[in-house]
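If you're matching positions, the sequence shown starts at 1 in my numbering and goes up one per residue. We put the beta carbon where it would ideally sit given N, CA and C, even for glycine. One structure is given below, encoded as structure tokens.
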Amino acid sequence: RRQSPVRTGTDLSSFLMHEAAPLRVDEENGQIINTFAPEVEGKDDLYDMLAEVYIPNGSNRYAAEGRNYRGTTVIPDVPTVTLVSDVMICDDIFEGIEPELFLYNTMPRGGADIEDPKRLIDRVETQEQLDYMGRGTAGLGISEFPMYEDMVAYMCEKNRRSPDSI
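Written as structure tokens, this is what we have:
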């Protein structure tokens, strides 16, 4: 059984640099789907979208038989220019498991279940890689998002996690 994500309703507006992205939020088959739905006025419009999703019992010790992967799916679409998508891994949840990156062509069949062998044909080879950023929030700076480290520290505090545990 797949774990259902929970939208936390955390207000992250104080970390935005631009107007909040107008979103339509739907839940489909236990998955939360955020659809960017602006009334675009021009090619130079800028929006920020920040959201927190929590997956209870997401660790492998709660996994259904034969399900070995956990993760998040992000399908950017035009007019996305910059996308930052992070999965913060806490040291007590996936102990001893190395993170992996899989990219899929989602155009033919939508988001991919990475454990479905029929979706291997949609896997895209890439030079992109996961970067280990060390523990804590130091070094998480993103030039396009100056308050990123502050936001991650805030999320750690809100979820009662030490920044050193991620």
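The beta carbon of Thr82 is closer than 6 Å to those of Glu144 in its chain, skipping five residues each way along the sequence. Membership of Glu27 in the beta strand (DSSP E) is indicated by the continuous run Leu23 to Glu28. With a threshold of 16 other beta carbon atoms within 10 Å, Thr137 meets it and is buried. Closest by C-alpha distance to Glu19, out of Pro117, Asp113 and Leu46, is Leu46.
In the DSSP assignment, Asn34 falls within the unbroken beta strand (DSSP E) covering Gln31 to Phe36. With a cutoff of 9 Å on beta-carbon distance, Glu128 and Leu140 are scored as not near each other. Nearest C-alpha to Leu103 among Thr126, Arg109 and Glu157: Thr126. Its chain contains Val25, Asp26 and Glu27 as the residues whose beta carbon lies nearer than 8 Å to that of Ile33, once the 5 sequence neighbours on both sides are disregarded; these appear in chain order. The secondary-structure analysis by DSSP pairs Phe145 across a beta bridge with Ile142.
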